[in-house]
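*Asks:*
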Amino acid sequence: MSVVGLATGRGAARPLMRLVTMSSAPILRQLHLEERFLRRTEDNRCVINNGIAPPPPHIVMGMSG
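Quick note on numbering: the sequence shown equals residues 1 to 65 in UniProt numbering.
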């Protein structure tokens, strides 16, 4: 996982966004991971899944709850 940019607040620097890269993970696994991040952390995350099936990469965005 890598960190993109830093934000300062209350005297401490924190990442603006955490980058999560996956390789050939099934979409259901990716969606479960995104849901877990949404419900359990306040960090901003970008999930990239490389090596999926032959169609071009897709961006799946959503929010539930």
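Yeah, the Cβ is synthetic: ideal placement off N, Cα and C, and Gly gets one too.
Quick one: measure Cβ to Cβ for Thr21 and Asn44, integer angstroms, because I've assumed they're closer than 8 angstroms.
*Replies:* The pair is not a contact, with the Cβ atoms about 15 angstroms apart (cut-off 8 angstroms).
*Asks:* Roughly how many whole angstroms lie between the Cα atoms of Arg39 and Leu31?
*Replies:* Arg39 and Leu31: Cα-Cα distance of roughly 12 angstroms.
*Asks:* Looking at Val47: is its Cβ nearer than 7 angstroms to the Cβ of Glu35?
*Replies:* Contact flag unset, no.
*Asks:* Quick check on this structure: which residue in Thr41, Ile27, Leu16 and Met17 has the alpha carbon closest to the alpha carbon of Pro57?
*Replies:* Nearest of Thr41, Ile27, Leu16 and Met17 to Pro57, Cα basis: Ile27.
*Asks:* Excluding the 5 residues flanking Ser64 on each side, which residues of the same chain have their C-beta closer than 8 angstroms to its C-beta?
*Replies:* Same-chain partners within the cutoff: Glu35 and Leu38.
*Asks:* Pick from Ser24, Glu42, Arg29 and Ala25: whose alpha carbon is nearest that of Arg18?
*Replies:* Of the listed residues, the one whose Cα sits closest to Arg18 is Glu42.
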